[in-house]
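*Asks:* Chains as they are written, first to last, in our numbering: chain A, 3 to 226; chain B, 1396 to 1656. Cβ coordinates follow ideal geometry from the N, Cα and C atoms, glycine included.
1. Can you give me the start and stop residues for the beta strand (DSSP E) that residue 19 of chain A sits inside?
2. Which residues, in chain order, does the segment 1538 to 1562 of chain B contribute to contact with chain A at a C-beta distance below 7 angstroms?
3. Go ahead and label residue 22 of chain A buried or exposed: buried means 16 or more other beta carbons lie within 10 angstroms of its beta carbon, across all protein chains shown.
4. Please say whether residue 144 of chain A and residue 97 of chain A have beta carbons closer to each other than 7 angstroms?
5. Would you report the Cα separation of residue 1575 of chain B and residue 1598 of chain B, rounded to the nearest angstrom?
6. Note the first and the last residue of the continuous alpha helix (DSSP H) segment covering residue 111 of chain A.
7. How big is the Cα-Cα spacing for residue 38 of chain A and residue 1495 of chain B?
8. Might you give, ordered along the chain, the residues of its own chain that have their beta carbon closer than 8 angstroms to the beta carbon of residue 1406 of chain B, omitting 5 neighbours on each side?
9. Could you check whether the Cβ of residue 61 of chain A sits closer than 7 angstroms to any Cβ belonging to chain B?
10. As a quick exercise: from A/12, A/25 and A/7, pick the residue whose alpha carbon is nearest that of residue 176 of chain A.
11. Would you kindly work out how many angstroms separate the C-alpha atoms of residue 226 of chain A and residue 211 of chain A, rounded to a whole number?
12. At a Cβ threshold of 7 angstroms, is residue 1521 of chain B touching chain A?
13. Where does residue 174 of chain A fall in DSSP's three states?
14. Is it right to say residue 1572 of chain B is buried, meaning 16 or more other beta carbons lie within 10 angstroms of its own, or is it exposed?
15. Does the CB of residue 55 of chain A have a neighbour CB from chain B at under 7 angstroms?
16. Measure the C-alpha to C-alpha separation of residue 1492 of chain B and residue 1514 of chain B and round it to an integer number of angstroms.
17. Could you pull the start and end residues of the alpha helix (DSSP H) that residue 64 of chain A belongs to?
18. If you draw a straight line from the alpha carbon of residue 1540 of chain B to that of residue 1453 of chain B, how long is it in whole angstroms?
19. Kindly indicate which residue of B/1553, B/1579 and B/1414 has the alpha-carbon position closest to the one of residue 1624 of chain B.
20. Beta-carbon within less than 8 angstroms of residue 1560 of chain B's beta-carbon, same chain only, minus the 5 sequence neighbours each way: which residues are those?
21. Who are the near neighbours of residue 164 of chain A in its chain, counting only those whose CB is closer than 7 angstroms to its CB and skipping five residues on each side?
22. State buried or exposed for residue 1443 of chain B, treating a residue as buried only when at least 16 other CB atoms are found within 10 Å of its CB.
23. Counting only the same chain and skipping the five closest in sequence on each side, list residues whose C-beta sits under 6 angstroms from that of residue 1399 of chain B.
24. Specify the secondary structure class of residue 1408 of chain B as computed by DSSP and reduced to three states.
25. Would you mind stating whether residue 1535 of chain B and residue 1437 of chain B have Cβ atoms separated by less than 7 angstroms?
26. Among all the DSSP beta bridges, which residues are the ones paired with residue 49 of chain A?
27. Using a Cβ-Cβ cutoff of 8 angstroms, what residues of the segment 1502 to 1517 of chain B are near chain A? List them in chain order.
28. Assuming residue 123 of chain A and residue 111 of chain A are in contact, meaning their beta carbons sit under 8 angstroms apart, how far apart are those beta carbons, in whole angstroms?
29. Relative to the alpha-carbon of residue 1531 of chain B, which residue among B/1640, B/1458, B/1564 and B/1439 has its alpha-carbon at the smallest distance?
30. Based on Cα-Cα distance, which residue from B/1408, B/1455 and B/1432 lies nearest to residue 1546 of chain B?
31. Taking all protein chains shown into account, do 16 or more other C-beta atoms lie within 10 angstroms of the C-beta of residue 107 of chain A, making it buried, or fewer, making it exposed?
32. Name the two residues that bound the continuous alpha helix (DSSP H) containing residue 196 of chain A.
33. Strictly below 7 angstroms CB to CB, what residues from chain B border residue 34 of chain A?
34. Which parts of the segment 111 to 140 of chain A are runs of the beta strand (DSSP E), unbroken and 3 residues or longer, counting only runs that do not cross its ends?
35. Any chance the segment 119 to 133 of chain A sits against the segment 62 to 81 of chain A, with 3 or more Cβ pairs inside 8 angstroms?
36. In three-state terms, what does DSSP make of residue 1530 of chain B?
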């Protein structure tokens, strides 16, 4: 990645697009605090969390690609572990856990081991873990992977609700339709460089598609 | 404190996996067998031993010898330390290597935890598990305490030596797990390093080398003193130093993971 600069307001949903290897997952891993950039700064609510990594634990929720889980733990144990790692305990943890179990329709699966969940269920559990502590910034890497069409619609609704509640969301995806359906801003990466960053209005699917393919094929957006 | 959250998570993972229970059950069964044989030998020689003015008793010949074969001098089943050389790598192999292979290690980093806290949290869980194992093993000779004269001081020194030995093996195992990308590789590496550290002086002696430094380097040198009931601060410092070196190397490797991705 080089010279990447992005600023996200509370309640904004940013779609991060790019072909495979463009640097989307690397960018998200750096934003999530899992990977340290060589230089630069990452600020959440005005505070540099490279200097204060504990801030990331409280203000940020991250769903990496393929929702990594501990196969030997149950759904409930996952949520408890994530909650404790992010500083929740007691009734706060119980309420938060029950809330996301309900919201993501995981209640009936709460005693099931993560290792036997279907890919779609794993994805929902990963999302529940990311949402548990009500982060100010939600970082999602291909969240619609393996979800069925009904769950995709439910995910879009959830993201819009979170945005309406003031949560900022960064959503990385290959699906342009996903971006036009939920995002109000789009950024396109190509070979580790930010090539496009702009607001996304209604009925702009065709224009976005054109811009994306121009960047993917020629490395830059063509003049209209 | 998030370090304790890591410990709790790791303990949960250790307790729900069958491997931990199987390792503990087999080890205790083997130690029970060793105890029965040691007790049988002791009872056979009891009359002769009673005639000696300062003859060894139950503590020397049964309780302490349950911990180690080094001072048994007879072909009995493994003592606890020899068992630990084989079993602790199996217990620790998944601590970090499986986090890396399952992709959950970046998730831990994203919670704002430093590499040292993650590693120490994991190590603490392993240490708790090993301490419980040691307590159960200690219960075997202590179960006869009402019928024999136990030298509690000597037994405490031997227990401390065994615990410190287990703590070193646990630290080596966790460090190897931090370096490896697959649990099996971590287990093999930890086994080789642990065996080398434990027996380096014996190997050197067989090769005709009798070096004070090599003797100092070997874990068995320091453990034997404690097993004989002598608590020396120099020996305790050796154990603490070995733990610190292993954990520091593990932290270095884990921190590099965050830098390099």
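*Replies:* By the coordinates alone:
1. Counting from one through the first chain, the residue named residue 19 of chain A turns up at place 17. Unbroken beta strand (DSSP E) run through residue 19 of chain A: 15 to 19.
2. Close to chain A, meaning a Cβ-Cβ distance shorter than 7 angstroms, is no residue of the segment 1538 to 1562 of chain B at all.
3. For this step, residue 22 of chain A is matched to residue 20 along the first chain. By the Cβ neighbour-count rule, residue 22 of chain A is exposed, with fewer than 16 other Cβ atoms within 10 Å of its own.
4. Here residue 97 of chain A is taken as the residue at index 95 of the first chain, counted from 1. Here residue 144 of chain A is taken as the residue at index 142 of the first chain, counted from 1. In this structure, residue 144 of chain A does not lie closer than 7 angstroms to residue 97 of chain A by Cβ.
5. Reading the second chain from its first residue, position 180 is the one you call residue 1575 of chain B. Reading the second chain from its first residue, position 203 is the one you call residue 1598 of chain B. When rounded, the separation of the alpha-carbon atoms in residue 1575 of chain B and residue 1598 of chain B is 27 angstroms.
6. Sequence index remark: in the first chain, residue 111 of chain A carries index 109 (1-based). Going by DSSP, residue 111 of chain A is part of no alpha helix (DSSP H) at all; its letter is neither H nor E.
7. The count along the first chain starts at 1 and reaches residue 38 of chain A at position 36. The count along the second chain starts at 1 and reaches residue 1495 of chain B at position 100. Residue 38 of chain A and residue 1495 of chain B have their alpha carbons spaced roughly 17 angstroms apart.
8. Residue mapping note: residue 1406 of chain B aligns to position 11 of the second chain, counting from 1. The beta carbon of residue 1406 of chain B is closer than 8 angstroms to those of 1520, 1523 and 1524 in its chain, skipping five residues each way along the sequence.
9. If you number the first chain from 1, residue 61 of chain A lands on position 59. No - not a single Cβ of chain B is within 7 angstroms of the one on residue 61 of chain A.
10. Translated into positions along the first chain, residue 176 of chain A becomes position 174. Comparing Cα-Cα distances from residue 176 of chain A to each of A/12, A/25 and A/7, the minimum goes to A/25.
11. For the purposes of this step, residue 226 of chain A is taken as the residue at position 224 of the first chain. For the purposes of this step, residue 211 of chain A is taken as the residue at position 209 of the first chain. Its pLDDT being 43, under 50, residue 226 of chain A is placed unreliably in this model, and the coordinates cannot settle the point.
12. If you number the second chain from 1, residue 1521 of chain B lands on position 126. Output row for residue 1521 of chain B: interface = no.
13. The residue you call residue 174 of chain A lines up with position 172 of the first chain. In the structure shown, the three-state DSSP call for residue 174 of chain A is strand.
14. Counted from its first residue, the second chain places residue 1572 of chain B at position 177. That one is buried.
15. The residue given as residue 55 of chain A occupies position 53 in the first chain. At least one C-beta of chain B is nearer than 7 angstroms to the C-beta of residue 55 of chain A.
16. Numbered from its first residue, the second chain carries residue 1492 of chain B at position 97. Numbered from its first residue, the second chain carries residue 1514 of chain B at position 119. One alpha carbon belongs to residue 1492 of chain B, the other to residue 1514 of chain B, and they sit about 12 angstroms apart.
17. Counting from one through the first chain, the residue named residue 64 of chain A turns up at place 62. Residue 64 of chain A -> not in any alpha helix (DSSP H); beta strand (DSSP E) instead, spanning 62 to 65.
18. Mapped onto the second chain, residue 1540 of chain B falls at position 145. Mapped onto the second chain, residue 1453 of chain B falls at position 58. For residue 1540 of chain B and residue 1453 of chain B, the distance between alpha carbons rounds to 10 angstroms.
19. Counting from one through the second chain, the residue named residue 1624 of chain B turns up at place 229. Ranking B/1553, B/1579 and B/1414 by Cα distance to residue 1624 of chain B puts B/1553 first.
20. Within the second chain, residue 1560 of chain B is the residue found at index 165, counting from 1. Within its own chain, the residues whose Cβ lies closer than 8 angstroms to the Cβ of residue 1560 of chain B, once the five positions on either side in sequence are excluded, are 1476, 1479, 1614, 1618 and 1634, listed in chain order.
21. Position 162 of the first chain, counting from 1, holds the residue named residue 164 of chain A. Around residue 164 of chain A: 140 and 171.
22. On the second chain, residue 1443 of chain B is found 48 positions in, with the first residue counted as 1. Residue 1443 of chain B is exposed by the Cβ-count criterion.
23. Locating residue 1399 of chain B in the second chain gives position 4, counting from the first residue. If we look at residue 1399 of chain B and ignore the five residues flanking it on each side, it has no Cβ neighbours.
24. Within the second chain, the letter at position 13 stands for residue 1408 of chain B. It is helical.
25. Taking the first residue of the second chain as position 1, residue 1535 of chain B is located at position 140. Taking the first residue of the second chain as position 1, residue 1437 of chain B is located at position 42. Contact: no.
26. Numbered from 1 along the first chain, position 47 holds the residue referred to as residue 49 of chain A. For residue 49 of chain A, which the question treats as bridged, DSSP gives the partners A/46.
27. The residues in question are 1502, 1503, 1504, 1505, 1506, 1507, 1508 and 1509.
28. Locating residue 123 of chain A in the first chain gives position 121, where the first residue counts as 1. Locating residue 111 of chain A in the first chain gives position 109, where the first residue counts as 1. Their Cβ separation, rounded to whole angstroms, is 6 angstroms, which keeps residue 123 of chain A and residue 111 of chain A in contact under 8 angstroms.
29. Counting from 1 along the second chain, the entry for residue 1531 of chain B is found at position 136. Relative to residue 1531 of chain B, the option among B/1640, B/1458, B/1564 and B/1439 whose CA is nearest is B/1458.
30. Counting from one through the second chain, the residue named residue 1546 of chain B turns up at place 151. When C-alpha distances from residue 1546 of chain B are compared across B/1408, B/1455 and B/1432, the shortest belongs to B/1455.
31. For the purposes of this step, residue 107 of chain A is taken as the residue at position 105 of the first chain. It counts as exposed.
32. For this step, residue 196 of chain A is matched to residue 194 along the first chain. Run containing residue 196 of chain A: none in the alpha helix (DSSP H); it sits in the beta strand (DSSP E), 195 to 201.
33. Here residue 34 of chain A refers to the residue found at position 32 of the first chain. In chain order: 1505.
34. Runs of the beta strand (DSSP E) inside the segment 111 to 140 of chain A: none found.
35. Touching, per the Cβ criterion.
36. Taking the first residue of the second chain as position 1, residue 1530 of chain B is located at position 135. DSSP places residue 1530 of chain B in helix when its eight states are reduced to three.
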